[in-house]
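For the sequence shown, numbering that gives the first Met the number 0 assigns the number 0 to the initial residue and increments by one for each residue that follows. Note that the Cβ used here is the ideal one computed from N, Cα and C, for glycine as well. Written below as structure tokens is the structure these notes are about.
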Amino acid sequence: MNILIVSQYFWPENFIINDMARKLVERGHSITVLTGIPNYPEGRYYKGYGPFRNSRQDYCGIKIIRAPLVSRGSGGGIRLALNYLSFAFCASIFGPLLCRDKYDAIFVFEPSPITVALPAICMKYACSAPIALWVQDLWPESISATESLDSEQLINAVGKLVKFIYRHCDLILVQSRAFINSIAGMGIERDKIIYFPNSSADPFQKNTARHYSNLPEIPGGFRLMFAGNVGAAQDFATILNAAEKLKDHPEIHWVIVGNGRLFPWVQSQVRQRGLSATVHLLGRHPVESMPQFFSLADSMLVTLKRSRIFSLTIPSKVQSYLAGGKPIVAALDGEGAQVIREAKAGLICPAEDSGALARIALEMSRMAESERTDMGNSGRAYYEANFDQEKLLDRFEHLMSGRLGCAVSHTKV
0 MNILIVSQYF WPENFIINDM ARKLVERGHS ITVLTGIPNY PEGRYYKGYG
50 PFRNSRQDYC GIKIIRAPLV SRGSGGGIRL ALNYLSFAFC ASIFGPLLCR
100 DKYDAIFVFE PSPITVALPA ICMKYACSAP IALWVQDLWP ESISATESLD
150 SEQLINAVGK LVKFIYRHCD LILVQSRAFI NSIAGMGIER DKIIYFPNSS
200 ADPFQKNTAR HYSNLPEIPG GFRLMFAGNV GAAQDFATIL NAAEKLKDHP
250 EIHWVIVGNG RLFPWVQSQV RQRGLSATVH LLGRHPVESM PQFFSLADSM
300 LVTLKRSRIF SLTIPSKVQS YLAGGKPIVA ALDGEGAQVI REAKAGLICP
350 AEDSGALARI ALEMSRMAES ERTDMGNSGR AYYEANFDQE KLLDRFEHLM
400 SGRLGCAVSH TKV
């Protein structure tokens, strides 16, 4: 197949679409990615990139075409809206001009914003190719949940835009089964909504592991590790409150690997609350270093704010944690909690309950190592059964051929 992927985010930004695109190339498919200038999560252009710098690249045989956009910045609000809208506008203009191949299908990766699908709709009519939209975040629910938009009129307008986008897509893939009713409730035929969960290339396989010698030093004791974006949705207030409740347990260390819009706030809170001895902010590191970070953790941490939309979502880090074979401490509601529960992979408490999070973190720290190992092994087995990337790629090819009529070659390169 010759596939055009439309994604506002792509390598060198760290998203699951990178691995999927690379694996599709390995399977013999031709992949072009229409994307933006890398600036996530810090909010500024990566070194070496700009509106007309490195606008065409090759990554593992993937042709990358970058459209200009306004960087996210760090202030939120208007600047973030400009980031979303500028990519939608510029990619809609540049896409038909620069992506001139005959594509079999257009695949849209949508972890927010939903406006990423607008350039794909333009490309649909420019090159007469069907669209498959992979929904990671429900709109307008996501922007309501994170308080990005508090105007009912604007939220209703966004809802109409979302409905327009869904109706112009030929296939809608959802990362959580709980998304299906919400999308169908907008008048979209259930027949074109398909559950397709997240996965990623498995960095924890022995034959893919790589050694990184410059990892930061982490204190000994019980290491509870959070790996990923430091943002509003991840509810760091609850993490910090739980850490504060366990200040008299200095053997418990909260290790944060990642960066994001709330990173400066978390830094200031750690200082103000006197948590520097037990909360360790290690910043952003390459995805290739994650197996070594995970190997240093006794348990992994996942949290989300309490809201209906987040209860419908499976955070992508859950799959990564399961793949890593480490027990999980989770302050989650809904689908994400259900996956961990089914996998028998950890301890769970309600979202935004810092007291309960402190209790299960303490409980996990007091478990016998053999119990934690059993949880991690159970999680790994669940990952292999439900989220293995090769199995999901087989299913993706089947959907592209069976539902969109694309000719699929299964020859791997």
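With a cut-off of 8 Å on the beta carbons, I'd call residue i and residue j a contact; round off their distance for me.
{"i": "S288", "j": "L214", "result": "7 Å"}
{"i": "S377", "j": "K343", "result": "4 Å"}
{"i": "L223", "j": "Q268", "result": "Incorrect: roughly 17 Å between the Cβ atoms, too far for contact."}
{"i": "W133", "j": "F108", "result": "5 Å"}
{"i": "K246", "j": "S353", "result": "Their Cβ separation, rounded to whole angstroms, is 13 Å, which puts K246 and S353 out of contact at 8 Å."}
{"i": "I61", "j": "I30", "result": "5 Å"}
{"i": "V278", "j": "A242", "result": "5 Å"}
{"i": "F9", "j": "S198", "result": "Not quite, the Cβ-Cβ distance comes to about 17 Å (not below 8 Å), so this is no contact."}
{"i": "G42", "j": "G72", "result": "5 Å"}
{"i": "L33", "j": "A90", "result": "6 Å"}
{"i": "R371", "j": "P326", "result": "5 Å"}
Count the other CB atoms within 10 Å of the CB of residue i; is the residue buried (16 or more) or exposed (fewer)?
{"i": "H397", "result": "exposed"}
{"i": "A360", "result": "buried"}
{"i": "R270", "result": "exposed"}
{"i": "R55", "result": "exposed"}
{"i": "Y102", "result": "buried"}
{"i": "P110", "result": "buried"}
{"i": "K411", "result": "For K411, the predicted model reports a pLDDT of 49, less than 50, meaning its position is unreliable; a value from the coordinates is still stated below. Answer is exposed; the Cβ neighbour count stays below 16."}
{"i": "Q233", "result": "buried"}
{"i": "G404", "result": "exposed"}
{"i": "Y194", "result": "exposed"}
{"i": "F86", "result": "buried"}
{"i": "N38", "result": "buried"}
{"i": "T207", "result": "Because the pLDDT of T207 is 48, which lies under 50, any placement of that residue in the model is unreliable, and the question is left without a value."}
{"i": "E140", "result": "buried"}
{"i": "P118", "result": "buried"}
{"i": "D18", "result": "buried"}
{"i": "S181", "result": "buried"}
{"i": "K413", "result": "As displayed, the chain neither begins before 0 nor continues past 412, which places residue 413 out of reach and without an answer."}
{"i": "F51", "result": "exposed"}
Residue i: which of the options sits nearest, CA to CA?
{"i": "Y165", "options": "S175, A156, N155 and A183", "result": "A183"}
{"i": "G257", "options": "Q135, R272 and F225", "result": "F225"}
{"i": "T114", "options": "F88, A104 and G345", "result": "F88"}
{"i": "K191", "options": "I130, Q152, V161 and R222", "result": "I130"}
{"i": "A329", "options": "R307, F93 and M363", "result": "M363"}
{"i": "A177", "options": "S315, F309 and D18", "result": "F309"}
{"i": "V173", "options": "G345, E341, D373 and E334", "result": "E334"}
{"i": "E389", "options": "I255, M0, A20 and L84", "result": "A20"}
{"i": "S6", "options": "R52, Y58, H28 and A66", "result": "A66"}
{"i": "M336", "options": "V69, R358, R52 and S175", "result": "Strictly speaking, residue 336 in this sequence is Ala, with Met absent from that position. Ranking V69, R358, R52 and S175 by Cα distance to A336 puts S175 first."}
{"i": "K123", "options": "A80, L170, S85 and S141", "result": "L170"}
{"i": "M374", "options": "I313, I347, L391 and Q135", "result": "I347"}
{"i": "S434", "options": "F51, L96, G47 and I36", "result": "Because the chain here runs from 0 to 412, residue 434 falls outside it and cannot be looked at."}
{"i": "S311", "options": "P196, R371 and L274", "result": "Note that residue 311 is Leu in the sequence shown, not Ser. With distances taken between Cα atoms, L311 lies closest to P196."}
{"i": "D136", "options": "P112, A116 and M185", "result": "P112"}
May I ask you to report which of helix, strand or coil DSSP gives residue i?
{"i": "N206", "result": "For N206, the predicted structure reports a pLDDT of 46, less than 50, and the residue's modelled location is therefore unreliable. A value from the coordinates is still provided. It is coil, neither helix nor strand."}
{"i": "E396", "result": "helix"}
{"i": "L214", "result": "coil"}
{"i": "G42", "result": "coil"}
{"i": "L300", "result": "strand"}
{"i": "E341", "result": "helix"}
{"i": "V229", "result": "coil"}
{"i": "A128", "result": "coil"}
{"i": "K62", "result": "strand"}
{"i": "E351", "result": "coil"}
{"i": "E287", "result": "helix"}
{"i": "S391", "result": "Per the sequence shown, residue 391 should be read as Leu rather than Ser. In the structure shown, L391 sits in a helix (DSSP, three-state: H, G or I)."}
{"i": "I193", "result": "strand"}
{"i": "R358", "result": "helix"}
{"i": "L117", "result": "helix"}
{"i": "R71", "result": "coil"}
I need the boundaries of the alpha helix (DSSP H) containing residue i, first residue and last residue.
{"i": "Y165", "result": "E151 to R166"}
{"i": "V24", "result": "I15 to E25"}
{"i": "L97", "result": "I77 to L97"}
{"i": "W264", "result": "F262 to Q271"}
{"i": "T237", "result": "F235 to K244"}
{"i": "S29", "result": "First-last for S29: S29 to T34, but that is the beta strand (DSSP E), not the alpha helix (DSSP H)."}
{"i": "I308", "result": "R307 to S310"}
{"i": "E370", "result": "E368 to N385"}
{"i": "A322", "result": "S315 to G323"}
{"i": "F178", "result": "F178 to A183"}
The beta strand (DSSP E) that contains residue i, what's its start and end?
{"i": "I2", "result": "N1 to V5"}
{"i": "Y58", "result": "R55 to Y58"}
{"i": "A330", "result": "I327 to A330"}
{"i": "V278", "result": "V278 to G282"}
{"i": "I255", "result": "I251 to V256"}
{"i": "I105", "result": "A104 to E109"}
{"i": "I171", "result": "L170 to V173"}
So with Cβ pairs under 7 Å, would you call residue i a contact of chain C?
{"i": "L97", "result": "No chain C is part of this structure, which consists of one protein chain only."}
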